Amino acid sequence: MDLGSYGTLQDAAEAPSAPTTLIYSILYSDPGAYGVFGGRDGKRVLQRNVERSGGGFFEVSKEQTVDRIFDILQEELRNQYNLGYVSDKPIAISEFRTSN
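This note's numbering numbers the first residue of the sequence shown as 135 and each following residue consecutively.
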């Protein structure tokens, strides 16, 4: 249970507005920690942020341990790349270019 944060779930939901930022979320939740009253673990917020960013959502379970999740993340992040293009022909406005 997080008792030290000042932000709200709404703040967290609105935070990832930059389209170039990938968000990877790992939900490590103990339903018993919330007692008989239950509680919100933030799963929907985490999933929504991941969907917006194109990252990944993982939920810790007996089958999917924290170690296994980190192995998956490590492999995925090692295989990412950026592709950029800078033209040698200047343009005055933003426009599509064709290859010759």
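Beta carbons: idealized from backbone N, C-alpha and C, even for Gly.
All values reported here derive from a predicted model rather than from experimental measurement.
Take the Cβ of residue i as the centre, count every other Cβ of all protein chains shown within 10 Å, and call the residue buried at 16 or more, exposed below.
i    : result
N183 : buried
I225 : exposed
Under the three-state reduction of DSSP, which class applies to residue i: helix, strand or coil?
i    : result
L161 : strand
E185 : helix
E197 : coil
K177 : helix
I203 : helix
L211 : helix
Assuming the contact rule is C-beta atoms closer than 8 Å, residue i and residue j should be a hit. Round their C-beta distance to whole Å, please.
i    : j    : result
L180 : F191 : 6 Å
L156 : S187 : 5 Å
Y140 : V200 : Between V200 and Y140 the Cβ distance is about 26 Å, and since that is not below 8 Å, they are no contact.
G189 : Y158 : 5 Å
Residue i bridges to which residues according to DSSP?
i    : result
G190 : Y158
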